[in-house]
Every structure is written in structure tokens, then in C-alpha cells.
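To convert a position in the sequence shown, counted from 1, into my numbering, add 266.
Every residue gets a Cβ at the ideal spot worked out from N, C-alpha and C, and that includes glycine.
Data first, discussion second: the structure below is written as C-alpha cells.
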Amino acid sequence: MRRIVVVGASAAGLAAAETLRREGYDGTLTLVGDEPLAPYDRPPLSKQVLSAEWEPARLALRTPDDLAGLGLDLRLGVAATGLRLADSAVELADGSTVPYDGLVVATGVRPRRLPGEGGHVLRTLDDAVRLRDRLTPGRRLVVVGAGFLGAEAAAVAWRLGCEVTLLEPAPVPLAHAVGAEVGEMLTRAHLERGVNLRCGVTVTEVTGDGVRLADGELIEADEVLVAAGSLPNTDWLDGSGLAVGDGVVCDQYCEAARNVYAAGDVARWHNPLFGQSMRIEHRTNAAEQGMAAARNLLAEPEARKPFAPVPYFWSDQYDMKIQAYGYLRGHDEVAVVEGDLAEGRFVAAYRTGDRLTGALAVGMPPKAIRQWRQAIAKGAGWDEAVASRSPAAAVPGAVGTAGA
Ligand SMILES: Cc1cc2nc3c(=O)[nH]c(=O)nc-3n(C[C@H](O)[C@H](O)[C@H](O)COP(=O)(O)OP(=O)(O)OC[C@H]3O[C@@H](n4cnc5c(N)ncnc54)[C@H](O)[C@@H]3O)c2cc1C
């Protein structure tokens with residue numbers, strides 16, 4: 267293999283490029299990114315950048331010297347516009363065509379938008395800086411969507427002295443992801459601080475004055491942040507013949523077509539540890555999958571390894587550190603296995619079928635959750651995992667079944 271192209275110059279694409287070099291690949295390595303900036307980290311955008319604790323320069327994932335050391339054919343500020351699978355070539359917005367022997371697709375996701383004019387989204391450094399500059403004390407911010415991103419932004423804006431309204435279409439924020447009871451507990455943090463949380467409301471439009479709800483009500487705001495989910499960046503693959511369905515569809519090796527791999531937020535792959543297809547929008551997964559895709563691209567077919575991680579996610583809201591391992595979506599039962607939900611310090615375990623598939627901790631030391639990660643990685647049965655706990659925790663305080 268003498269020509270490899272990586273499309274998407276962020277966490278997953280950079281990890282893939284570095285791994286290719288580390289594994290000894292010394293051919294042409296083209297890294298294409300539509301943002302003008304060198305790869306930077308996104309999680310601080312809704313935390314330290316929005317709160318102005320960090321200068322944007324701190325987000326760079328590598329120094330210019332480290333990047334130069336990779337010997338890249340670096341094409342920043344130019345989008346890939348098409349893939350010609352039959353010719354093994356990527357078309358770029360500047361009119362050029364880049365042929366490849368191997369390709370890694372790492373184009374991530376973009377925010378879902380709502381009809382209407384104005385309103386912020388939060389995906390890029392520009393987005394974060396623009397919103398940061400508007401979050402002055404007393405300003406009215408409406409956040410549409412109380413998922414992790416919306417909740418983090420609401421927490422920062424509250425701390426900055428803004429008047430925050432958080433709007434959520436579901437009856438309980440995050441219930442589909444973490445279960446209704448844990449969702450309710452996380453929600454308390456907003457209510458205790460006087461954030462105006464309204465659930466079960468659908469925003470139909472962002473107007474110049476705020477947002478319009480489905481029942482016609484106008485909620486006035488100085489700034490609106492739309493944090494209503496995201497869409498995989500796969501438009502450029504339309505007509506390429508690559509299977510796309512809520513992400514680039516890959517097998518367990520992260521391969522989408524011969525010598526074409528995908529990694530990070532854009533990749534939907536079969537995770538054999540959970541026996542199901544998943545697409546994960548987590549920072550750690552992006553790097554790990556970029557590495558795995560790169561290794562498999564270089565390996566002989568029989569030497570390839572399935573990508574079978576226990577996904578990991580964290581979120582910082584107010585003084586809460588939330589950490590989760592595993593795949594919580596679609597769970598059948600949630601049980602508090604350590605600590606106390608009411609006190610806001612706990613580990614909740616998630617059951618899907620007869621297996622332990624996830625664990626979420628709030629306010630607990632990392633080691634409290636790490637052992638649960640190991641149990642998930644082992645494919646532990648629910649009974650086995652719970653019975654191995656101390657007698658006090660052997661009968662979990664079941665907090666319910668998944669509502670959604
Ligand atoms: C505000 C914010 C906070 C977050 N907080 C957390 C957190 O606390 N914990 C956590 O685990 N995760 C968090 N995440 C998620 C995490 O940042 C992502 O999972 C990670 O960035 C995914 O990396 P990626 O390389 O797959 O995709 P991305 O980071 O989306 O990068 C894809 C890159 O490809 C570019 N691109 C797209 N289309 C094209 C094209 N056609 N041609 C060329 N380039 C293209 C994009 O512009 C982008 O630069 C957060 C994300 C955001 C936005």
C-alpha cells in the first residue's frame with residue numbers, strides 16, 4: 267500500500283494517521299479536513315472554552331512540530347466532495363482528485379438544525395467562541411435540547427450569570443440514554459440552581475426574538491443554542507456505493523468496502539462485544555476506533571482484529587462529573603449498585619437481556635466505576651456481576667426499567 271487518504275482531520279482521523287506511521291507505513295499519507303484549523307479537541311468547547319477558562323490555542327491536539335513529524339500531505343480547509351469507489355479516488359472541493367490504495371473515512375457529525383433564522387450550534391471552535399462572547403451576565407439564553415451537550419452549555423451559562431431556559435421534548439431529559447430515574451437525578455442539578463427547565467415541549471422554529479413552540483407560544487431570548495442532536499457527515503458519499511444508514515456501515519473490523527474503513531462519530535460498525543451495530547459519539551471511541559481502523563487497513567486480512575471496545579463517556583455539569591462505560595441505550599433495567607441516587611453519589615448498572623451492558627457513575631472516584639468496566643468487558647452476566655458485590659449491594663436498589 268503506497269497511498270492512503272484519511273478524510274476528516276479531527277480526533278479519529280488524526281489517530282488513524284498517527285497509527286499508520288507508528289505501524290511503519292511510509293507511503294503517501296493525505297489528511298483532508300474541511301476546517302481550516304489543525305486538529306483540535308471538541309469536549310472542552312462546551313466546558314472550558316464556553317466558560318472562557320481556556321484560550322482556544324489550548325485545544326490543539328498536536329503541536330505543529332508533531333504534525334510535521336508525521337510527514338503528511340495535509341489538505342486543510344478543503345472538503346471531500348465525492349468518493350469514486352470503482353476508481354479508488356476521492357474528489358475534493360478544490361477540483362483535485364486524490365487516488366488511494368486505502369481510505370479512512372472520519373468525517374464525524376454535524377449539528378441538527380431547526381427551521382428559522384439565527385440560533386447557535388456548538389460543534390466547532392468558531393461556534394464556541396461566538397457563543398462565549400454573547401454569554402454575559404443577565405443575558406437570556408434558551409437551550410433547545412437537554413441532552414449532555416445542552417446540559418453542559420446550560421450549566422456554564424448559569425455559572426456565567428445568564429438567565430437560562432432549557433427546553434426538552436421528552437418528558438425526562440436523557441431518559442432514552444440513561445433511564446428515567448437517573449435522567450431525573452441529573453435534571454435536579456438544573457432545577458436546584460433556578461434554570462428554567464421545561465420538558466415535553468417541542469420547538470418548531472428559531473425566530474429573531476427567541477423560539478416558537480409547537481403550540482404557538484414564543485419564548486423570548488437574547489441567544490438560542492440548538493443542541494438537538496447530530497447527523498453523520500455522509501452526504502459526500504452519496505452515490506459512491508458505500509452503504510450508509512445513520513453513519514457509514516462497517517463490519518466488525520470497521521471496514522465499509524475493500525480497503526475503505528470508517529472511524530469515529532461517523533462510523534456505524536458491528537461491535538462483537540455487544541453483538542450489535544452501534545455508532546458512538548464519544549471522544550475516546552473516536553481515537554480508539556481511528557487506531558483500530560488504521561491497524562486493520564495495514565494488516566493482512568486474517569490478521570485483522572475486530573473492534574470490540576467498551577465505550578466510555580464523561581460529562582461535566584455544574585459540580586457533577588458523570589462517567590459512563592458500556593452501551594446504555596436500549597437497556598431493560600437500571601439498578602443503583604453503589605452509593606445513593608438521592609445524594610447524587612452513585613453507580614448505576616444497566617442490564618440488557620441477561621447481561622451487564624453498562625455502568626454510570628456520578629460523584630464517585632474513578633476506581634469505583636473501573637471495576638464495572640472490567641465486568642462489562644468480560645461480558646459478565648447480570649446475576650454474576652451483581653452477586654459478586656458486597657452483601658449490601660447484592661440486592662440492587664432497582665430504580666426501574668427503560669422507559670423509551
Ligand atoms: C461541544 C462538544 C462537547 C463534547 N463533549 C464530550 C465529552 O464530554 N465526552 C465525550 O466523550 N465526547 C464529547 N464530545 C464528542 C467528541 O468530541 C466526539 O466524539 C469527537 O470529536 C469525534 O471525533 P471524530 O474525529 O470522529 O469527528 P469530528 O470531531 O466531528 O471530526 C470530523 C472532522 O471531519 C470534518 N469533515 C466533515 N465532512 C468533511 C468532508 N466532506 N471533507 C473533509 N472534512 C470533513 C469535520 O469538519 C471535522 O473537522 C463532545 C463534542 C462536542 C461538539
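Non-local C-beta neighbours of Asp393 in its own chain, meaning closer than 6 angstroms and more than five positions away in sequence, comprise Val387, ordered along the chain. Ligand 1 has no heavy atom closer than 8 angstroms to the beta-carbon of Thr285.
Distances from the CA of Arg328 to each of Asp512, Ala523, Ser276 were compared; the closest alpha carbon is that of Ser276.
The C-beta of Arg524 has fewer than 16 other C-beta atoms within 10 Å across all chains shown, which makes the residue exposed.
In this structure Val576 touches Leu539 by the C-beta definition: roughly 7 angstroms separates them, less than 8 angstroms. For Ile485, the enclosing beta strand (DSSP E) starts and ends at 484-486. CA-to-CA, the gap between Ser581 and Pro309 works out to about 9 angstroms. Judged by DSSP in its simplified three-state form, Glu301 adopts coil rather than helix or strand. Three or more beta-carbon pairs separated by less than 8 angstroms are not found between the region 396-409 and the region 516-523, which leaves the two stretches without contact. Burial state of Arg534 is buried, judged by a 10 Å Cβ sphere holding 16 or more other Cβ atoms.
9 angstroms or more divides the Cβ of Val371 from the Cβ of Ala552. Residue nearest to Leu497 within the set Ile546, Glu301, Lys587 is Ile546 (criterion: CA-CA distance).
Taking all protein chains shown into account, Glu486 has fewer than 16 neighbouring C-beta atoms within 10 Å of its C-beta and is therefore exposed.
Our two residues, Thr390 and Ala420, have alpha carbons roughly 18 angstroms apart in a direct line. The residue from Glu301, Lys313, Gly605, Glu471 with its alpha-carbon nearest to that of Leu340 is Glu301. Taking a C-beta distance under 9 angstroms as the contact criterion, Arg425 and Ser317 qualify as a contact pair. Between the alpha carbons of Ala565 and Glu650 lies a gap of roughly 37 angstroms.
If you draw a 10 Å sphere on the C-beta of Gln589, you find 16 or more other C-beta atoms in it, and that means buried. Gly361 and Arg561 have their C-alpha atoms spaced approximately 30 angstroms apart. Inclusion of Leu415 in the 8 angstroms shell around ligand 1 follows from its C-beta lying nearer than that to a non-hydrogen atom of the ligand.
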